[in-house]
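Colleague: One structure, pasted below without further comment.
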Amino acid sequence: MVTKDISEKKKLEISLKDSEAKYRDLFENAQDAMYTLDMNGTFLAMNNVGIDALGATKDEIIGSNLSEWLTPESMEIARKRLKEYSNGIHKGPMVYEMVRKDGEHIWVEVKNRFIRDGERITGTHGIARDITEKIRLEHQLKESEARYRDLFENADYPMYTIDMNGIFQSINNAGCRILEAGKEKIIGTHIVNWLTPESLESAKQRIKKHLSSVSIEEPVIYELVCNNGEHRWAEIRTRPIKEGNRITGIHGIGRDITEKIKLEQKLKDYRVKLERSYEELLEADNVKTEFISNITHELLTPLTSIRGFVELLDDETMGKVNVEQKKSLEIILRNSDRLIKLIKELLDTSNLENNKLGLQFGLVSLNSILSKTIQDIHPQANDKQIIIIKDIQQLPEIWGDEERLLQVIMNLLINAIKFTPHTGKITIKAKEDSEHVKISISDTGIGIPADKLNSIFERFYQVDGSAKRKYGGAGLGLSICKSIIDKHYGKIWAQSDGKGSTFHILLPKLKNKEGENNV
Ligand code: ADP
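Using this note's numbering, the letters of the sequence shown correspond one by one to residues 409 to 927.
Dropping the structure here:
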């Protein structure tokens, strides 16, 4: 009997030891920290995970008080919690902030239960899980959210979010400024309240596109209707807000381009006005050209007739005239010529303007033009005792309008005489090189200031354009000469060193005998 009892006890002892060993093994090798505390908060046991988590040795932890390892705030919570727990109030796990031996803070999620000896509570047993990484991530998330909110609120650019029905979910301060309304007036309202019908339509299309997952890179311009009824314009970029794969809203960032749009509108108005003015001007110019053309014809016909009859009187075809009468007739003739020249210049100018100066091209001998014109101006040169020096080579025929080229040379010679004082000298040179023929007419006259050498070829330009000017003319001759030479693919220019002037003409030579290909 006794033997039997002893063997029963032994068995019990063995199985207790066994279960203790199992428990110890579980305790030591658990994945979470485990510990026991007495009712004063003194650690009675702690497993390896717990010891590692606190970064201390077992000796340093066992026998130490919980308060040495918790922040004061967490200790306070723990105390409260213990009280609630002992009063039978059960709550879920708690989060405590602990201080490791090296001073670093860690966060643990703790589940506790009482250890009882019969009815008496002798301590607590706890399991703690290190959730430092989770807490750190939560902090980071909160911080980044705060930073995003700050950026969102205080950005210079208007920003907003809407849901897929077009209801404003949020809008930042710049967005409120552009709509001239407070957040409370905008959030929760539909975009229909803030857009013109055309812009609303385009916004709806854009929402549809986002829904069908089409990526939209290019911005859109919306015409906004502000709180005070004023219209403003914003250039907006949008992107979908996604929750997983689902699109839940649209985020928009804009730029106020009202000033730019208004300026563009003004510019457009100006352009329309300018185009209208230009058309009117063109119309007026045509009327003027037409008028000059008609009036010059009307003037020229009777004047030519008058000159013809005066010439008949002057050369005594119609009977003898006395010396006094002849003098008067010659004055009439000279002035008629001046008038005819002026009217012809006006006619040429108006014909040049509407491209009606029909040139008649053919083979032209510049030598014969030169001798003809020199002969014609001899009397005028003689009157002023101006000597004419000729240095003229035999030139090849060129392709041109004989009458017009004669007009050019005549004009230059008349100018040379006009601007050269008595007893001056005019030199006429003509030569050729491989590609051109060149004619130069130099005088010893008043010369042309260097800065006017180009302007004299402009219409109506005269070096002395004052009312008291010494020399007559309308300032048209050289501009006509230039147009004629241009139409011959040539060049005309003036040179002056202060003592006299030289006018040069360069005309292309014929490339082949037929000549037509030349022009
Ligand atoms: P205009 O009939 O008034 O002479 P042009 O077109 O023939 O008009 O000449 C324009 C201007 O060029 C003249 O008014 C004059 O000032 C200047 N000019 C032309 N030829 C000469 C020259 N040989 N010597 C000096 N000035 C000249």
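Yeah, the Cβ is synthetic: ideal placement off N, Cα and C, and Gly gets one too.
Decide if residue 552 is buried, meaning its Cβ has at least 16 other Cβ atoms within 10 Å, or exposed.
Modeller: Exposed, by the Cβ-count rule.
Colleague: Pull every residue with its beta-carbon under 5 Å away from any heavy atom of the ligand ADP, and keep them in chain order.
Modeller: Output, sorted by chain position: 823, 824, 827, 853, 856, 864, 870, 871, 881, 883, 885, 886 and 909.
Colleague: Please say whether residue 839 and residue 833 have beta carbons closer to each other than 8 Å?
Modeller: Not a contact, by the Cβ cut-off of 8 Å.
Colleague: Report the option in 759, 726, 522 and 719 whose CA atom is closest to the CA atom of residue 929.
Modeller: Here the chain covers residues 409 to 927 and nothing more, so residue 929 does not appear.
Colleague: Grab me the residues of residue 782's own chain with a C-beta within less than 8 Å of its C-beta, minus the 5 sequence neighbours each way, in chain order.
Modeller: Correct list, in chain order: 796, 798, 821 and 836.
Colleague: Pick out the complete beta strand (DSSP E) segments inside the stretch 573–643, 3 residues or longer, and give them in chain order.
Modeller: Here the runs fully enclosed are 576–579 and 628–633.
Colleague: Using 8 Å as the cut-off, can you tell me whether the stretch 541–548 makes contact with the stretch 557–576, which would need three or more C-beta pairs spanning the two stretches below that distance?
Modeller: With a cut-off of 8 Å, the stretch 557–576 and the stretch 541–548 do not count as touching, because too few Cβ pairs lie within range.
Colleague: From residue 407 to residue 675, what distance separates their C-alpha atoms?
Modeller: Not covered by the structure: residue 407. The range shown for the chain is 409 to 927.
Colleague: For residue 604 and residue 613, I'd like the C-alpha separation in whole angstroms.
Modeller: Roughly 14 Å between the two C-alpha positions.
Colleague: To the nearest angstrom, how far is it from the Cα of residue 753 to the Cα of residue 668?
Modeller: Approximately 51 Å, taken between the alpha carbons.
Colleague: Determine the DSSP secondary structure at residue 431, reduced to helix, strand or coil.
Modeller: Helix at residue 431.
Colleague: Using only alpha-carbon positions, find the residue among 666, 519 and 890 that is nearest to residue 501.
Modeller: The shortest C-alpha separation from residue 501 is found at 519.
Colleague: Got a sec? Which residues, its chain only, sit under 8 Å from residue 712 by beta carbon, not counting five neighbours each side?
Modeller: Hits under 8 Å: 748.
Colleague: Taking only three categories from DSSP, how would you classify residue 902?
Modeller: In this structure, residue 902 counts as strand in the three-state DSSP scheme.
Colleague: Just to confirm, are residue 484 and residue 455 a CB contact at a threshold of 8 Å?
Modeller: No, they are not a contact pair.
Colleague: Using alpha carbons as the reference points, say which of 481, 478 and 452 lies closest to residue 467.
Modeller: Residue 467 has its Cα closest to that of 452, out of 481, 478 and 452.
Colleague: Given a threshold of 16 other Cβ atoms within 10 Å of its Cβ, counted over all protein chains shown, does residue 763 qualify as buried or as exposed?
Modeller: Residue 763 should be labelled exposed.
Colleague: Going residue by residue through the stretch 785–821, where are the continuous beta strand (DSSP E) segments of at least 3 residues, counting only ones entirely within it?
Modeller: List check, beta strand (DSSP E) in window: 795–800 and 806–808.
Colleague: On the DSSP bridge assignment, give the partners of residue 914 in chain order.
Modeller: Answer is 846 and 899, bridged to residue 914.
Colleague: Taking the Cβ atom as the reference point for each residue, do residue 757 and residue 848 lie within a distance shorter than 8 Å?
Modeller: Not a contact, by the Cβ cut-off of 8 Å.
Colleague: Under the three-state reduction of DSSP, which class applies to residue 773: helix, strand or coil?
Modeller: Coil.
Colleague: How should residue 532 be labelled, buried or exposed, when 16 other C-beta atoms within 10 angstroms of its C-beta is the threshold for buried?
Modeller: Residue 532 is buried by the Cβ-count criterion.
Colleague: Which two residues bound the contiguous alpha helix (DSSP H) that contains residue 559?
Modeller: Unbroken alpha helix (DSSP H) run through residue 559: 540–562.
Colleague: Let me confirm a value: residue 827 is counted as buried when at least 16 other C-beta atoms fall within 10 Å, else exposed. Which label applies?
Modeller: By the neighbour-count rule (16 or more Cβ atoms within 10 Å), residue 827 is buried.
Colleague: So residue 394 packs on residue 805, CB below 8 Å; how close in whole Å?
Modeller: Since the first residue shown for the chain is 409 and the last is 927, residue 394 is missing from the structure and cannot be characterised.
Colleague: Bridge partners for residue 909 per DSSP, in chain order?
Modeller: Residue 909 is bridged to 904.
Colleague: For residue 464, name the three-state secondary structure that DSSP assigns.
Modeller: If DSSP states are grouped into helix, strand and coil, residue 464 belongs with coil.
Colleague: What does a CB cutoff of less than 7 Å around residue 869 pick up in its chain, not counting 5 residues either side in sequence?
Modeller: For residue 869, where only same-chain residues beyond five positions count, the Cβ hits under 7 Å are 863 and 883.
Colleague: Give the straight-line distance between the Cα atoms of residue 448 and residue 489, rounded to the nearest whole angstrom.
Modeller: Cα to Cα, residue 448 sits roughly 14 Å from residue 489.
Colleague: One question on the structure: do residue 587 and residue 595 come within less than 8 Å of each other, judged by their Cβ atoms?
Modeller: Contact: no.
Colleague: Apart from the five residues just before and just after residue 980, which ones in its own chain have a Cβ nearer than 7 Å to its Cβ?
Modeller: Within the shown structure, residues of the chain are numbered from 409 to 927, placing residue 980 beyond reach of any answer.
Colleague: Starting from residue 478, follow its DSSP beta bridges and name the residues at the other end.
Modeller: For residue 478, which the question treats as bridged, DSSP gives the partners 506.
Colleague: Compare the Cα-Cα distances from residue 636 to each of 698, 601 and 895 and report the closest residue.
Modeller: The shortest Cα separation from residue 636 among 698, 601 and 895 belongs to 601.
Colleague: May I have the straight-line CA-CA distance separating residue 441 from residue 462, to the nearest angstrom?
Modeller: Whole-angstrom Cα-Cα distance: 10 Å.
Colleague: Ignore the nearest five residues each way along the sequence and tell me which others in residue 903's own chain have a CB closer than 6 Å to its CB.
Modeller: Counting only Cβ-Cβ distances below 6 Å, and skipping sequence neighbours, we find 910.
Colleague: So the beta strand (DSSP E) residue 568 belongs to, where does it begin and stop?
Modeller: From DSSP, the beta strand (DSSP E) with residue 568 extends over 567–571.
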